[in-house]
Amino acid sequence: MEQTATLLSLITFPEIDPVIFSIGPVHIRWYGLAYVMGILLGWRYARRLVENGRLWPQAGSRMTALDMDDFLIWATIGIVAGGRIGYILFYDFAAVAANPVRALEIWNGGMSFHGGLLGTLAAMILFARKRQIPLFNLFDVVCAVVPVGLFFGRLANFINAELWGKLTDMPWAVVFPTGGPFPRHPTQLYEAGLEGLLLLAVLAWLIHRRDALKRPGLVSGVFVSGYALARIFVEFFREPDAQIGYLAGGWLTMGMLLSLPMLAVGLWAIATSRSRAGSPARSPA
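The opening position of the sequence shown corresponds to residue 967 in the numbering used here, with each subsequent residue numbered one higher.
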């Protein structure tokens, strides 16, 4: 292993500046661009899904492209606020409690997907109630497009040389400038492939080939449970957060723990989607 690791240490991390360009004191970073690209491309895809009447039951989606335009702002706030608050609560609470100003330092730690998911969930519930949109219809559209953002976000994690994996002698291992001199699993790319590309393809196939949007909650359930399974799998190769480490047994991580409820909720949504298919879509009270 040591000889192999020494050989593989020649496979160094590609020199990619996290800053794309600067305008005076303003720095445009790949991480920020990933958020913008994910949100905008997801929005465009969501509009196409809503406008395609063939994909929906006879009553339609009861959403319009204008609804998706307006929800873009709600989703952005939910993602950013939820992602940051989630990171603080799940991964950095002690440090922020000791120094509350750290909560505003998004460059120290960044964002949490699970927090962003909860923030987006709150935004969807409030928006659906305001617009009298069937809640599971909105859930399904949003969940169908989230993998787009996950793909770009994980690529940005790779460019930033963060959230890397454990030591390995696999031929595709990467030596990260922030991860010591030995090769590691590029777990950001694993997640980009599983949570991003694969999940996007599975959901698109279900929507366009299996009429999944005609069973409210099916797309949501497949996304939530699919993400949970992908995240739990990758966590076995990913280095745990230094400030937390393993929660138990030398293998249980915070990412796994937060994904287990997602798996349960996703399986429930899949199991109950057929019962919602034949009932009239109801708007949230």
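Cβ coordinates follow ideal geometry from the N, Cα and C atoms, glycine included.
What you are looking at is a predicted structure, and each value in this text was computed from that prediction instead of being measured.
* **Ser988, DSSP secondary structure in three states** => For the purposes of this step, residue 988 is taken as residue 22 along the sequence shown, with counting starting at 1. DSSP places Ser988 in strand when its eight states are reduced to three.
* Distance between Leu1163 and Ala1025 (C-alpha atoms, nearest Å) -> Working through the sequence shown from its first residue, we reach residue 1025 at position 59. Working through the sequence shown from its first residue, we reach residue 1163 at position 197. For Ala1025 and Leu1163, the distance between alpha carbons rounds to 31 Å.
* Ordered along the chain, which non-local residues of its own chain (more than five positions away) have a Cβ less than 8 Å from that of Gly1183? -> Numbered from 1 along the sequence shown, position 217 holds the residue referred to as residue 1183. Here the set comprises Phe1102, Phe1105, Asp1106, Ala1235, Ile1236, Thr1238, Ser1239, Arg1242.
* Asked: Looking at the unbroken alpha helix (DSSP H) that takes in His1151, where does it start and where does it end?
  -> Numbered from 1 along the sequence shown, position 185 holds the residue referred to as residue 1151. Unbroken run through His1151: none, as it is neither H nor E.
* With a floor of 4 residues, list each alpha helix (DSSP H) that falls wholly inside the segment 996-1051, ordered by position along the chain. => Note on the segment 996-1051: whole alpha helix (DSSP H) runs with a minimum of 4 residues are 996-1017, in chain order.
* Asked: Per DSSP, what kind of secondary structure is Ile1173 in: helix, strand or coil?
  -> On the sequence shown, residue 1173 is found 207 positions in, with the first residue counted as 1. Three-state result, Ile1173: helix.
* Asked: What's the C-alpha gap between Ile1043 and Thr1086?
  -> One-based indexing of the sequence shown puts residue 1043 at position 77. One-based indexing of the sequence shown puts residue 1086 at position 120. Spanning the alpha carbons of Ile1043 and Thr1086 requires a straight line of approximately 8 Å.
* Through-space distance from Phe1118 to Tyr1001, alpha-carbon basis -> The residue labelled residue 1001 in the question sits at position 35 within the sequence shown. The residue labelled residue 1118 in the question sits at position 152 within the sequence shown. Pairing Tyr1001 with Phe1118, the inter-Cα distance amounts to about 7 Å.
* In chain order, what residues of the same chain lie with their CB nearer than 7 Å to the CB of Thr970, ignoring the 5 residues before and after it? -> For the purposes of this step, residue 970 is identified with residue 4 of the sequence shown, where counting begins at 1. At Thr970 the pLDDT is 48, less than 50, meaning the model places this residue with poor confidence; the figure from the coordinates comes in the next sentence. Cβ within range, chain order: Asp1135.
* Asked: Do Leu1229 and Ala1194 have their CB atoms nearer than 8 Å?
  -> On the sequence shown, position 263 is the one that residue 1229 refers to. On the sequence shown, position 228 is the one that residue 1194 refers to. Yes, they are a contact pair.
* Pick helix, strand or coil for Gly1082, following the three-state DSSP scheme. => For this step, residue 1082 is matched to residue 116 along the sequence shown. Helix, per DSSP.
* To do: Output yes or no for whether 8 Å exceeds the beta carbon distance between Ala939 and Arg1013.
  => Any answer about residue 939 is impossible in this case: the structure gives the chain only from 967 up to 1251.
* To do: Just tell me which of Gly1221, Phe1079, Ala1178 has its CA closest to the CA of Ile1051.
  => Taking the first residue of the sequence shown as position 1, residue 1051 is located at position 85. Taking Ile1051 as reference, the option from Gly1221, Phe1079, Ala1178 with the minimal CA-CA separation is Phe1079.
* To do: Drop a sphere of 10 angstroms on the beta-carbon of Ala1214, count the other beta-carbons inside from all chains shown, and report buried for 16 or more, exposed for fewer.
  => For this step, residue 1214 is matched to residue 248 along the sequence shown. Taking all protein chains in view, the Cβ of Ala1214 is surrounded by fewer than 16 other Cβ atoms within 10 Å, so the residue is classified as exposed.
* To the nearest angstrom, how far is it from the Cα of Trp1255 to the Cα of Tyr1156? -> Nothing about residue 1255 can be read from this structure; the chain reaches only from 967 to 1251.
* If Ala1122 and Leu1160 are in contact, beta carbons under 8 Å, what's the gap, nearest whole angstrom? -> Sequence index remark: in the sequence shown, residue 1122 carries index 156 (1-based). Sequence index remark: in the sequence shown, residue 1160 carries index 194 (1-based). Going by Cβ atoms, the distance from Ala1122 to Leu1160 rounds to 16 Å, so no, they are not a contact pair.
* alpha helix (DSSP H) segment containing Asn1103, residue limits -> By 1-based counting over the sequence shown, the position of residue 1103 is 137. Taken as a continuous stretch (DSSP letters only), the alpha helix (DSSP H) holding Asn1103 covers 1101-1125.
* **Short Cβ contact (8 Å threshold) for Pro1227 with Leu1165** => For this step, residue 1227 is matched to residue 261 along the sequence shown. For this step, residue 1165 is matched to residue 199 along the sequence shown. No; because the gap between Cβ atoms is not below 8 Å, this pair is not in contact.
* Please determine, among Trp1138, Leu1116, Gly1145, the residue with the shortest C-alpha to C-alpha distance to Glu1128. => Residue numbering aside, residue 1128 sits at position 162 when the sequence shown is read from its first letter. Cα-wise, what sits closest to Glu1128 is Gly1145.
* According to DSSP, is Ala1069 helix, strand or coil? -> As a working mapping, residue 1069 is identified with position 103 in the sequence shown. Ala1069: helix per DSSP, three-state reduction.
* Unbroken alpha helix (DSSP H) run spanning Thr978, endpoints -> Position 12 of the sequence shown, counted from the start, is the residue given in the question as residue 978. For Thr978, there is no enclosing alpha helix (DSSP H), as DSSP marks it with neither H nor E.
* By a C-beta neighbour count over all protein chains shown, 10 Å radius and 16 as the cutoff for buried, is Leu973 buried or exposed? -> For the purposes of this step, residue 973 is identified with residue 7 of the sequence shown, where counting begins at 1. With a pLDDT of 48 at Leu973, under the threshold of 50, the modelled position of that residue is not reliable, and the figure given next carries that caveat. Residue environment: Leu973 is assigned as exposed (fewer than 16 neighbouring CB atoms within 10 Å of its CB, all protein chains considered).
* **Separation of Gly1115 from Ile1039, as counted between CA atoms** => Stepping through the sequence shown from its first residue, residue 1039 is reached at position 73. Stepping through the sequence shown from its first residue, residue 1115 is reached at position 149. So the two alpha carbons sit approximately 15 Å from each other.
* C-beta atoms of Asn1126 and Tyr997 nearer than 8 Å -> Here residue 1126 refers to the residue found at position 160 when the sequence shown is read from its first residue. Here residue 997 refers to the residue found at position 31 when the sequence shown is read from its first residue. In this structure, Tyr997 lies closer than 8 Å to Asn1126 by Cβ.
* **Beta-carbon proximity list for Ile986, same chain, < 7 Å, skipping 5 on both sides** => As a position in the sequence shown, residue 986 is number 20, starting the count at 1. Answer for Ile986: Ile994, Arg995, Trp996, Leu999, listed in chain order.
* Is the beta carbon of Ile1210 less than 8 Å from the beta carbon of Met1220? -> For the purposes of this step, residue 1210 is identified with residue 244 of the sequence shown, where counting begins at 1. For the purposes of this step, residue 1220 is identified with residue 254 of the sequence shown, where counting begins at 1. Annotated as proximal: Ile1210 and Met1220, with beta-carbon spacing under 8 Å.
* With DSSP collapsed to three states, give me the class of Gly1215. => Here residue 1215 refers to the residue found at position 249 when the sequence shown is read from its first residue. Three-state DSSP puts Gly1215 in coil, outside helix and strand.
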